[in-house]
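Residue numbers (my numbering): 269 to 528.
See below:
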């Protein structure tokens, strides 16, 4: 795939930005291996979950993308100097302020090829109206790239996002900018596993290894569902899907070991 910037937005807290970014980073690492560098841009100063988990495993750069241009210039310069890299930007709450001030200029240099990257934005949402209104504000400022809204089903089934569905049908801006009219549904993760995942500060594979057998299998199944969500976007056609085995390998008994 072409060098790409993946922006995980939302513009407010409590919609699932961190878990989307964490799963996306792991998906890209597993899918591309040494063929691409996955570089995390951590912009959340108050809760830098993604940078904390992946620091020391992949390149991580902490940058404040607020209204001031300094952070945006730093990020753009880093991208200009990089090659064979997939950037994942974990955005912070209130990132809409920086986007409103600097998004148009950032879009312009991407569209002109001054920074030779595609831009793909994932936008996790809860069921509140401001999730949609903030997405519209983002699209007005960030005019370049593909956008995939994500209904986070932790907050309810896809059918319960009827407010989003209605606003989507009423908004020409949303219908014209959402990539292939795809609305993604992010699967819910059991609270007890999510607690281990978040508080442990470890990657998905590290967390799976530390869980009990049933919890590990549930987490493995959830991860496969998330990977299928990313595969379903059509953004990653050039490599085979990354899925874990449906079940762990059975343990061999003593007699089997002796015979083997």
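All C-beta atoms, glycine included, are put in the ideal place defined by N, C-alpha and C.
Computed from a prediction, not measured in an experiment: that's the story for all the values here.
Secondary structure at residue 269: coil, using DSSP grouped into helix, strand and coil. For the options 496, 474 and 290, the alpha carbon positioned closest to that of residue 355 is the one of 290. Counting along the chain, residue 429 sits inside no beta strand (DSSP E), nor does DSSP assign it H or E at all. Under the rule that a run must span 4 or more residues, the alpha helix (DSSP H) segments found entirely inside the segment 329-378 read 338-348. A direct Cα-Cα distance of roughly 43 Å separates residue 407 from residue 480. DSSP places residue 479 outside any alpha helix (DSSP H), giving it a letter other than H or E. The continuous beta strand (DSSP E) containing residue 414 extends over residues 414-420.
When Cβ pairs closer than 8 Å are counted between the two stretches, the segment 299-317 is seen not to touch the segment 396-415, the count staying below three. Excluding residues up to 5 positions away in sequence, 294 lie with their Cβ nearer than 8 Å to the Cβ of residue 473 in the same chain. In this structure residue 360 is buried. Its beta-carbon is surrounded by 16 or more other beta-carbon atoms within 10 angstroms. Between residue 391 and residue 452, the alpha-carbon positions lie close to 9 Å from each other. Non-local C-beta neighbours of residue 435 in its own chain, meaning closer than 6 Å and more than five positions away in sequence, comprise 400, ordered along the chain.
Between the beta-carbon of residue 386 and that of residue 305 there is about 16 Å, and that puts the pair past the 8 Å contact cut. Membership of residue 404 in any beta strand (DSSP E) is not indicated; the residue belongs instead to the alpha helix (DSSP H) covering 397-409. Of the residues assessed, residue 292 falls on the buried side of the cut-off, its CB having 16 or more other CB atoms within 10 angstroms.
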